[in-house]
Amino acid sequence: MTAAEPLLEVTDLVVEYPIKGFGRKPFRALKGVSIDVKPGECVGLVGESGSGKTTLGRAVLGLAPVTEGSVKFKGREIGTISRRERRELSDDIQVVFQDPYTSLNPSLTIEQTLAEPLRVKNVSAADARKRVRTLLDQVGLPADAAQRLPREFSGGQRQRIAIARALALEPALIVCDEPVSALDLSTQARVLDLFKDIQEATGVAYLFVSHDLAVVRHLSHRVAVMYHGEIVEYGDGDKVTSDPEHPYTQRLLMAAPVADPDRQAQRRADRARMLEAQREADLQAGAA
Ligand SMILES: Nc1ncnc2c1ncn2[C@@H]1O[C@H](COP(=O)(O)OP(=O)(O)O)[C@@H](O)[C@H]1O
Ligand SMILES: [Mg+2]
Numbered sequence: 453m454t455a456a457e458p459l460l461e462v463t464d465l466v467v468e469y470p471i472k473g474f475g476r477k478p479f480r481a482l483k484g485v486s487i488d489v490k491p492g493e494c495v496g497l498v499g500e501s502g503s504g505k506t507t508l509g510r511a512v513l514g515l516a517p518v519t520e521g522s523v524k525f526k527g528r529e530i531g532t533i534s535r536r537e538r539r540e541l542s543d544d545i546q547v548v549f550q551d552p553y554t555s556l557n558p559s560l561t562i563e564q565t566l567a568e569p570l571r572v573k574n575v576s577a578a579d580a581r582k583r584v585r586t587l588l589d590q591v592g593l594p595a596d597a598a599q600r601l602p603r604e605f606s607g608g609q610r611q612r613i614a615i616a617r618a619l620a621l622e623p624a625l626i627v628c629d630e631p632v633s634a635l636d637l638s639t640q641a642r643v644l645d646l647f648k649d650i651q652e653a654t655g656v657a658y659l660f661v662s663h664d665l666a667v668v669r670h671l672s673h674r675v676a677v678m679y680h681g682e683i684v685e686y687g688d689g690d691k692v693t694s695d696p697e698h699p700y701t702q703r704l705l706m707a708a709p710v711a712d713p714d715r716q717a718q719r720r721a722d723r724a725r726m727l728e729a730q731r732e733a734d735l736q737a738g739a740a
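For the sequence shown, my numbering begins at 453 and goes up steadily by one.
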């Protein structure tokens, strides 16, 4: 595989969820989505709540039903593989979820949590312990964190632990689903820096999901914008997050928090004007 070839290649992906009740048509959460992630790249996926971002991440992880289209990883179709094949793949594709309070087993020490995937791979106890120390160091936690329990850590520290666990088997891709959304703003910034440092140090690729344009702007090489199960804009990260073409992305940009209070006020005024225009357009469309 050359560097230019995608690591992950999703093509015309359709995901439908069955709806309870006889004869009801399934709900189409993804309506033909194409996206690719190259080795070492961060692709941001933004869109408002309910647009289908988690569904896309879950389809890549084999957790959402692929109705049509394909999901390829390192050139191989993985949209429809067996559970056993999926388990083998789990070395290479890992995940970090949003909620740092439910994603760690409360009764395991941090060392046990981080060593678990290594022990499954028959890594010796001594080597696993060494690797755990390296991982803790990599995510900026002290070595004595190893013997402690999740409840002793803050939300930001727990996300660092979740990141360490995702890194344990040196994956090529990590699906990050709103991994900083539950954290306060200053913690968000530090954890985002960590994601960036880790990518530079290890060459891991991210599919980085967030409802917040400001979050993906920070580290995405390319950004895809999802709206009602479709990608409406996809391109260079700086361009999409600062000078978007699609009206929906422009609205997202207006909604994203900015540090400067004057600009914030300006944004709010712009946004109010846009919403007003939108409302008028909707009214006119309704009247027609
Ligand atoms: N397991 C499911 N069964 C039925 N509908 C679902 C399921 N998961 C998600 N959905 C629906 O699919 C749409 C997209 O959801 P999701 O992928 O979670 O969006 P996002 O992550 O962008 O908020 C939503 O309308 C949601 O209600
Ligand atoms: Mg989601």
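Every residue, glycine too, gets a C-beta built ideally from N, C-alpha and C.
Query	Result
Check your reading: residues with Cβ closer than 6 Å to ligand 1 heavy atoms	Y469, F479, A481, G499, S501, G502, S503, G504, K505, T506, T507
Alpha-carbon to alpha-carbon, F479 and V512	19 Å
Any non-hydrogen atom of ligand 2 within 7 Å of E630 CB	yes
Euclidean distance between Cα positions of G504 and V485	10 Å
Sequence ranges, beta strand (DSSP E) only - wholly within the region 522–564, length at least 3	545–548
R528 classed as buried or exposed, judged by whether at least 16 other C-beta atoms fall within 10 angstroms	exposed
S672 vs G689 beta-carbon contact at 8 Å	yes
Distance between L644 and V667 (C-alpha atoms, nearest Å)	8 Å
Selection from L588, I545, E540 that minimises the alpha carbon distance to G565	Strictly speaking, residue 565 in this sequence is Thr, with Gly absent from that position. Of L588, I545, E540, the residue nearest in Cα terms is L588.
Secondary structure of D649, DSSP reduced to three states	helix
Residues that DSSP places opposite Y686 in a beta bridge	A676
Limits of the unbroken beta strand (DSSP E) element including T463	460–469
Helix, strand or coil at G504 according to DSSP, with G and I counted as helix	coil
Cβ-based burial, E562 [other Cβ within 10 Å; buried from 16]	The sequence given here has Ile at residue 562, not Glu. Buried: at least 16 other Cβ atoms inside 10 Å.
C-alpha distance - E630 paired with M678, whole-angstrom precision	14 Å
Identity of the residue in S501, A597, L508, L635 nearest E461 by Cα	L508
First through last residue of the alpha helix (DSSP H) which encompasses K582	577–590
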